[in-house]
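Protein chains: 2
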Amino acid sequence: MAESDAVSSLERLGLTGYEARVFIALQKLGSGTARDVHRVAEVPRSQVYSAAENLEERGLVEVQQSNPMRYRPVSIETARSILRERFEREQERAFDYVEGVREEHSDDGEEQEDIWTVRGQEHVEDRIVELIREAEESVIFGTPDPDLMTETIETALRDREKAGLYVGVVSVDEGVRNRFADDAVLTTVPPPPFSGDTSIGRVVRVDGKGVLLSVLGEEDVSGINRETAFWSVETNFASALIELMNSSFDSFDRKV
Amino acid sequence: MAESDAVSSLERLGLTGYEARVFIALQKLGSGTARDVHRVAEVPRSQVYSAAENLEERGLVEVQQSNPMRYRPVSIETARSILRERFEREQERAFDYVEGVREEHSDDGEEQEDIWTVRGQEHVEDRIVELIREAEESVIFGTPDPDLMTETIETALRDREKAGLYVGVVSVDEGVRNRFADDAVLTTVPPPPFSGDTSIGRVVRVDGKGVLLSVLGEEDVSGINRETAFWSVETNFASALIELMNSSFDSFDRKV
DNA sequence: GCACTGTTGTTATGAGACTACTAACAACAC
DNA sequence: GTGTTGTTAGTAGTCTCATAACAACAGTGC
Numbered sequence: 189m190a191e192s193d194a195v196s197s198l199e200r201l202g203l204t205g206y207e208a209r210v211f212i213a214l215q216k217l218g219s220g221t222a223r224d225v226h227r228v229a230e231v232p233r234s235q236v237y238s239a240a241e242n243l244e245e246r247g248l249v250e251v252q253q254s255n256p257m258r259y260r261p262v263s264i265e266t267a268r269s270i271l272r273e274r275f276e277r278e279q280e281r282a283f284d285y286v287e288g289v290r291e292e293h294s295d296d297g298e299e300q301e302d303i304w305t306v307r308g309q310e311h312v313e314d315r316i317v318e319l320i321r322e323a324e325e326s327v328i329f330g331t332p333d334p335d336l337m338t339e340t341i342e343t344a345l346r347d348r349e350k351a352g353l354y355v356g357v358v359s360v361d362e363g364v365r366n367r368f369a370d371d372a373v374l375t376t377v378p379p380p381p382f383s384g385d386t387s388i389g390r391v392v393r394v395d396g397k398g399v400l401l402s403v404l405g406e407e408d409v410s411g412i413n414r415e416t417a418f419w420s421v422e423t424n425f426a427s428a429l430i431e432l433m434n435s436s437f438d439s440f441d442r443k444v
Numbered sequence: 189m190a191e192s193d194a195v196s197s198l199e200r201l202g203l204t205g206y207e208a209r210v211f212i213a214l215q216k217l218g219s220g221t222a223r224d225v226h227r228v229a230e231v232p233r234s235q236v237y238s239a240a241e242n243l244e245e246r247g248l249v250e251v252q253q254s255n256p257m258r259y260r261p262v263s264i265e266t267a268r269s270i271l272r273e274r275f276e277r278e279q280e281r282a283f284d285y286v287e288g289v290r291e292e293h294s295d296d297g298e299e300q301e302d303i304w305t306v307r308g309q310e311h312v313e314d315r316i317v318e319l320i321r322e323a324e325e326s327v328i329f330g331t332p333d334p335d336l337m338t339e340t341i342e343t344a345l346r347d348r349e350k351a352g353l354y355v356g357v358v359s360v361d362e363g364v365r366n367r368f369a370d371d372a373v374l375t376t377v378p379p380p381p382f383s384g385d386t387s388i389g390r391v392v393r394v395d396g397k398g399v400l401l402s403v404l405g406e407e408d409v410s411g412i413n414r415e416t417a418f419w420s421v422e423t424n425f426a427s428a429l430i431e432l433m434n435s436s437f438d439s440f441d442r443k444v
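Line order of the protein sequences matches chains A and B.
So the first sequence is numbered by this note's numbering: it starts at 189 and just counts up by one.
So the second sequence is numbered by this note's numbering: it starts at 189 and just counts up by one.
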């Protein structure tokens with residue numbers, strides 16, 4: 189990994205560029221003067237003093253009031269702890285407030301014809317896992333692509349089955365179906381059109397009233413398919429799509 | 189807590205000010221259009237679009253491509269996970285690099301007359317815990333102030349005692365000594381001058397070659413004593429201070 | 001069907017804050 | 001006498017904040 193990547197990461201963890209470079213330089217040196225750090229980090233020497241002082245205030249660096257002044261980093265474990273504690277503190281602070289002001293809309297009973305879009309494989313997966321976890325009666329999950337049956341989803345499905353829900357997995361891929369061979373999870377092969385070449389990525393149906401459908405788009409630069417999911421719960425759209433799915437998944441409907 | 193505090197926390201977690209305010213507004217609304225968000229968050233309406241798009245790219249908001257466009261936040265749990273995963277990813281990335289370039293200086297055998305300064309109660313405690321955890325033979329910890337015998341330090345001392353090290357606790361405060369009544373930790377009352385009025389906060393001696401001495405300064409604005417620690421390991425200064433301590437802690441010396 | 005008004009989504013631009021970077025200098029060490 | 005140290009000042013660049021403008025569209029009244 190390049191040092192510039194590490195610097196960028198430390199910047200995203202809350203340090204300025206100079207602070208990050210000084211911190212890394214001190215890790216390399218073990219300890220050193222401003223001049224030592226300036227040479228290794230290529231930070232202007234006059235800026236090393238304030239950057240190191242800021243790091244000291246953060247607890248990431250210790251100072252020896254000698255002549256010249258010497259600096260040393262705290263241990264990596266201590267640095268990690270300090271950054272983690274800062275993160276946890278800000279996270280608690282932010283979300284304590286957010287939880288307090290959050291309006292609960294899920295039980296106002298008003299049906300909204302909402303179809304929501306989620307972009308990016310990672311976020312699609314977050315939404316899928318959330319839908320699975322919130323299911324109360326049944327979950328059906330389908331994908332033709334074994335790579336899209338991730339361990340996180342697999343775990344979430346098992347957890348729901350263990351919680352007493354009806355859980356079904358649909359896939360043309362035998363490997364996907366076999367992952368649940370030891371569980372009380374019903375697996376089956378989907379009928380056409382779901383078994384042909386398709387850009388459908390993943391399909392989820394929960395409780396007979398919620399549905400998610402993802403499609404795979406063009407590869408982005410990292411070589412991973414760009415995935416976009418559309419999902420909806422308790423809407424006419426969801427009902428219609430579920431009807432469509434039901435007529436294709438006869439082997440499941442009798443049980444749900 | 190004021191909303192501005194929550195906004196500042198979200199900023200420190202990597203969001204811009206507008207993004208944080210849009211996110212909080214959507215939590216309040218449940219879902220809404222740019223106009224709704226603009227009204228609640230007092231963010232200029234034209235800026236709501238790009239802020240919401242950035243949040244969507246981060247996975248924190250979902251978009252409904254309706255007319256007008258509607259936005260909704262992901263659940264608090266999902267938002268926390270996303271921010272945590274980002275933090276963990278940057279932390280791993282930064283420290284993978286740092287661990288790779290870190291010079292191991294602790295075993296180069298070269299004696300340095302280094303005395304290091306740590307400021308701030310929290311950071312002093314980090315250093316104390318680290319010294320305790322790195323001890324190999326013995327640890328002696330002393331403080332007159334029960335508040336400075338924190339649970340973290342208490343736990344660290346017990347862990348070392350269970351690991352077979354000789355552990356001693358020195359305090360004029362009976363409550364501090366009593367916390368170790370059930371452990372194989374030797375406790376004692378310090379002799380003068382350590383038993384009089386003092387600005388000494390905490391004292392640590394590890395392995396007969398490392399020492400830390402903290403002093404309490406003026407209260408800062410939060411009402412907590414400003415604590416500064418000086419510590420040194422394997423130096424003549426440390427040896428001299430340990431000799432001074434040894435002559436005052438006779439009941440310990442015979443065992444270490 | 002048309003005119004008018006309000007809304008939407010997009011784009012552009014300047015101000016302010018923060019960080020990066022350079023320069024200068026008094027005091028000091030060697 | 002020279003080089004180093006620690007501090008301070010100032011400018012440039014970048015990012016975010018904040019305002020303004022506008023084409024296109026939706027809704028409403030006649």
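For every residue, glycine included, the Cβ atom is placed at its ideal position computed from N, Cα and C.
Legend entry - Closest Cα partner of Val327 (chain A) within the set A:Pro261, A:Arg346 and A:Ser238: Ranked by Cα distance from Val327 (chain A), the options A:Pro261, A:Arg346 and A:Ser238 are led by A:Arg346.
Inset, instruction - Output yes if chain A places a C-beta closer than 8 angstroms to the C-beta of Lys216 (chain B); else output no. - result: Answer yes: the Cβ-Cβ gap between Lys216 (chain B) and chain A drops below 8 angstroms somewhere.
Legend entry - Same chain, Cβ closer than 8 angstroms to Ala194 (chain B), five either side skipped, listed in chain order: Cβ neighbours of Ala194 (chain B) beyond the five flanking positions: Ala208 and Ile212.
Legend entry - Residue-level contact to chain B via CB, Ala351 (chain A), 8 angstroms cutoff: So, not an interface residue.
Legend entry - Local conformation of Pro261 (chain A) per DSSP, three classes: In the three-state reduction of the DSSP assignment, Pro261 (chain A) falls in the strand class.
Legend entry - Assigned secondary structure, Ser192 (chain A) (DSSP; H/G/I helix, E/B strand, else coil): Helix at Ser192 (chain A).
Legend entry - C-alpha gap between Ile341 (chain B) and Arg268 (chain A), whole angstroms: The alpha-carbon atoms of Ile341 (chain B) and Arg268 (chain A) are separated by roughly 18 angstroms.
Legend entry - Segment contact flag, the region 236-255 of chain B with the region 211-225 of chain B, C-beta cutoff 8 angstroms, min 3 pairs: Judged by Cβ distances under 8 angstroms, the region 236-255 of chain B makes contact with the region 211-225 of chain B, as three or more pairs qualify.
Legend entry - Bridge-paired residues (DSSP) for Ala282 (chain B): Beta-bridge partners of Ala282 (chain B) (DSSP): none assigned.
Inset, instruction - Please confirm if Phe368 (chain A) has its CB atom under 8 angstroms from at least one CB of chain B. - result: Interface flag for Phe368 (chain A) against chain B is unset, since no Cβ pair is found closer than 8 angstroms.
Legend entry - Thr340 (chain A) in three-state terms, based on DSSP: If DSSP states are grouped into helix, strand and coil, Thr340 (chain A) belongs with the helices.
Legend entry - Helix, strand or coil at Gly288 (chain B) according to DSSP, with G and I counted as helix: In this structure, Gly288 (chain B) counts as helix in the three-state DSSP scheme.
Legend entry - Cβ of Tyr285 (chain B) within 8 angstroms of any chain A Cβ: Answer yes: the Cβ-Cβ gap between Tyr285 (chain B) and chain A drops below 8 angstroms somewhere.
Inset, instruction - Following the continuous beta strand (DSSP E) through Phe329 (chain A), name the residue where it begins and the one where it ends. - result: Start and end: Ser326 to Gly330.
Legend entry - Three-way DSSP call (helix, strand, coil) for Val312 (chain A) in this model: Three-state result, Val312 (chain A): helix.
Legend entry - Other residues of its chain near Arg393 (chain B): CB distance less than 7 angstroms, five sequence neighbours each side excluded: Around Arg393 (chain B): Ile328, Val399, Ile430 and Met433.
Inset, instruction - Can you give me the start and stop residues for the beta strand (DSSP E) that Gln252 (chain B) sits inside? - result: Where Gln252 (chain B) is concerned, the enclosing beta strand (DSSP E) stretches over Val249 to Gln252.
Inset, instruction - Would you kindly report the start and end of the unbroken alpha helix (DSSP H) that includes Val210 (chain A)? - result: Bounds of the alpha helix (DSSP H) holding Val210 (chain A) are Gly205 to Leu217.
Inset, instruction - Answer yes if the region 353-366 of chain A comes into contact with the region 306-320 of chain B, meaning at least three C-beta pairs across the two stretches below 8 angstroms, and no otherwise. - result: The region 306-320 of chain B and the region 353-366 of chain A do not touch, with fewer than 3 CB-CB distances between them shorter than 8 angstroms.
Inset, instruction - Would you mind telling me which residues of chain B sit closer than 8 angstroms to Leu201 (chain A), beta carbon to beta carbon, in chain order? - result: Using a Cβ-Cβ cut-off of 8 angstroms, Leu201 (chain A) is close to Phe275, Glu278, Gln279 and Ala282 of chain B, given in chain order.
Inset, instruction - On a CA-only basis, which of A:Ala351, A:Val312, A:Asn366 and A:Asp370 is nearest Val377 (chain A)? Give me that one, please. - result: The shortest C-alpha separation from Val377 (chain A) is found at A:Asn366.
Inset, instruction - Rank A:Met257, A:Glu191 and A:Ser192 by C-alpha distance to the C-alpha of Arg223 (chain A) and give the top, closest one. - result: Selection A:Met257, A:Glu191 and A:Ser192 evaluated against Arg223 (chain A) yields A:Met257 as nearest (Cα-Cα).
Inset, instruction - Find out if the Cβ-Cβ distance for the pair Arg414 (chain A), Gly330 (chain A) is shorter than 8 angstroms. - result: Judged by beta-carbon spacing, Gly330 (chain A) lies beyond the 8 angstroms limit of Arg414 (chain A), meaning their Cβ atoms are not closer than that value.
Inset, instruction - Have a look at Glu191 (chain B) and Arg290 (chain B) and give me their C-alpha separation to the nearest angstrom. - result: The C-alpha of Arg290 (chain B) is placed about 41 angstroms away from the C-alpha of Glu191 (chain B).
Legend entry - Residue-level contact to chain A via CB, Val327 (chain B), 8 angstroms cutoff: No, Val327 (chain B) does not count as interfacial toward chain A.
Inset, instruction - Within the same chain, show all residues whose beta-carbon is closer than 8 angstroms to that of Val373 (chain B), passing over the 5 residues directly before and after it, in chain order. - result: Only residues of its own chain outside the window of five on either side were considered, and among them Leu345, Arg346, Glu349, Val355, Gly356 and Val357 have a CB closer than 8 angstroms to the CB of Val373 (chain B), listed in chain order.
Inset, instruction - Could you tell me which residues DSSP pairs with Arg307 (chain B) in its beta bridges? - result: Its beta-bridge partners are B:Thr416.
Legend entry - Cβ pair Ser197 (chain A), Ala282 (chain B) closer than 8 angstroms: Yes.
Legend entry - Leu374 (chain B) - containing beta strand (DSSP E), residue span: Under the DSSP assignment, Leu374 (chain B) falls in the beta strand (DSSP E) whose first and last residues are Leu374 to Thr376.
Inset, instruction - With Val228 (chain B) as the anchor, note down where its alpha helix (DSSP H) starts and where it stops. - result: That run of the alpha helix (DSSP H) goes Ala222 to Ala229.
Legend entry - For Asn424 (chain B), the nearest candidate out of B:Gly396, B:Asp314, B:Gly405 and B:Val403 (CA to CA): Nearest C-alpha to Asn424 (chain B): B:Gly396.
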